[in-house]
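Colleague: Questions regarding the structure given below will be posed in turn.
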Amino acid sequence: MTQPVPMTEIWRGPFLESVHSGHAVICDDTGQIVRSWGDPHATVLPRSSSKMVQALPLITSGAAAKYGLTSEHLALACASHNGAAIHTDRVKAWLDHLGLSDDDFRCGPQMPNDPPARDALIIGDDSPCQMHNNCSGKHSGFLTLNQHMGGNAEYIEVDHPVQQACLAAFEETTGETSPGYGIDGCSAPNYASSLLGMARSMAWFASAADRSDRQSAAAEQLTTAMIKHPELVAGEGRACTELMRAMNGRVAIKTGAEAFFIAIIPEKRMGVALKVADGTTRASECAIAAILVELGVLEADHPATRKFMNAPILNRRGIDTGMIKPAAGFI
724 MTQPVPMTEI WRGPFLESVH SGHAVICDDT GQIVRSWGDP HATVLPRSSS KMVQALPLIT
784 SGAAAKYGLT SEHLALACAS HNGAAIHTDR VKAWLDHLGL SDDDFRCGPQ MPNDPPARDA
844 LIIGDDSPCQ MHNNCSGKHS GFLTLNQHMG GNAEYIEVDH PVQQACLAAF EETTGETSPG
904 YGIDGCSAPN YASSLLGMAR SMAWFASAAD RSDRQSAAAE QLTTAMIKHP ELVAGEGRAC
964 TELMRAMNGR VAIKTGAEAF FIAIIPEKRM GVALKVADGT TRASECAIAA ILVELGVLEA
1024 DHPATRKFMN APILNRRGID TGMIKPAAGF I
């Protein structure tokens, strides 16, 4: 089947009100499909779900070691964070360590999603800076790599050595030649692949401990960092953070804009890539949770799971009006 399949349903009382359809692939460490829904060969832009791939050159180049980056730095390099103090304080310290400032970023300012950080800006009649951008950790990694390489200031240009290193890592881990790129919300190129290619890349990350090459060692470091610091990868209340905590270090997951999601499952040597066709995040959060429950790495009744899958929909008076749940026949 090449058409997207129903993945997530929204119920209001006894009525099915909305259905979100999409594509998903589970891949093993040999690059083979374990299970798929919809079209595994659909061309996709993985958006922020590819950040750990973009972070590989940061380590393999020697830049991470040269600048003494810790697992916290690596988790932030993979993050789409809330702009909370735990994120921006660390980003500022990272920039200070490099001898750089907010002006060296090319990601653009963004109002933080973290309520205390957002409220502080409003109360202080202040504007957000680029450190508040949810991708500032990734861009700190780009700046570190760029400083190591001696590149020019425009590190986000597609022909810049930093982005060419990211492309090389992307094509190597997906096993595909990328058909092109789009410009992401943070202004960096985001390379396209098939959905299978992204699942293959995540399975390659999941099986990294089985290999001894430099690239695989870097992949293992990044996966470990994400699992160790789920609060840095996203933030409080976010699916990435809460579901990784619920899985107690067994799985790394990462969302991307327009309802993309990946999972790296080391104990099963499997990778998952998922795309909801209409770009609705609530649907991708429910669908990835359902797949993780099906694979036996996430408890269906864990409180964190119940926030995103089989979750009640409450109205403004706190009345239970319906439910968001996996579509009938999806899992």
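Residues 724 to 1054 in my numbering are what the sequence shown spells out, letter by letter. Ideal Cβ placement from N, Cα and C applies to all residues, glycine included.
On the criterion of 16 or more Cβ atoms from any shown chain inside 10 Å, does Gly903 qualify as buried, or is it exposed?
Modeller: exposed
Colleague: Name the residue from Ala798, Gly831, Phe1053 whose alpha carbon lies nearest to the alpha carbon of Thr947.
Modeller: Ala798
Colleague: Using a Cβ distance threshold of 8 Å, determine whether the segment 779-793 contacts the segment 832-852, with at least three qualifying pairs required.
Modeller: no
Colleague: In the DSSP output, what is Cys750 paired with across the bridge?
Modeller: Ile756, Gly994
Colleague: Look at the Cβ atom of Ser1007, then the Cβ atom of Thr978, and state whether they are nearer than 8 Å.
Modeller: Remark: C-beta atoms of Ser1007 and Thr978 approach each other more closely than 8 Å.
Colleague: Buried or exposed for Gly736, please, with buried defined as at least 16 other CB atoms from any protein chain shown within 10 angstroms of its CB.
Modeller: exposed
Colleague: Name the one or two DSSP bridge partners that Gly1045 has.
Modeller: Arg735, Ile1036
Colleague: Determine the burial state of Ile850: buried for a count of at least 16 other Cβ atoms within 10 Å of its Cβ, exposed for fewer.
Modeller: Checking the displayed sequence, the identity of residue 850 turns out to be Ser instead of Ile. Counting Cβ neighbours within 10 Å, Ser850 comes out exposed, since fewer than 16 surround it.
Colleague: Between the beta-carbon of Met1046 and the beta-carbon of Ile1036, is there less than 8 Å?
Modeller: yes
Colleague: Is it right to say Thr811 is buried, meaning 16 or more other beta carbons lie within 10 angstroms of its own, or is it exposed?
Modeller: buried
Colleague: Beta carbon of Arg813, beta carbon of Glu981: below 8 Å?
Modeller: no
Colleague: Would you kindly work out how many angstroms separate the C-alpha atoms of Arg937 and Thr900, rounded to a whole number?
Modeller: 21 Å
Colleague: Determine, using beta-carbon pairs with one atom in the segment 748-767 and one in the segment 917-924, whether at least three such pairs fall under 8 Å.
Modeller: Between the segment 748-767 and the segment 917-924, the count of C-beta pairs closer than 8 Å reaches three or more; the two stretches touch.
Colleague: Do the segment 879-894 and the segment 777-784 make contact, defined as three or more Cβ pairs closer than 8 Å?
Modeller: With a cut-off of 8 Å, the segment 777-784 and the segment 879-894 count as touching, because enough Cβ pairs lie within range.
Colleague: Exposed or buried, Ser917, counting other C-beta atoms within 10 Å across all chains shown (16 or more means buried)?
Modeller: Buried, by the Cβ-count rule.
Colleague: Straight-line CA distance for Lys861 to Leu955?
Modeller: Near 12 Å, if we compare the C-alpha coordinates of Leu955 and Lys861.
Colleague: With distance defined between alpha-carbon atoms, name the residue in Asn913, Ile809, Asp825 nearest to Asn836.
Modeller: It is Ile809.
Colleague: Between which two residues does the beta strand (DSSP E) holding Phe984 run?
Modeller: 983-988
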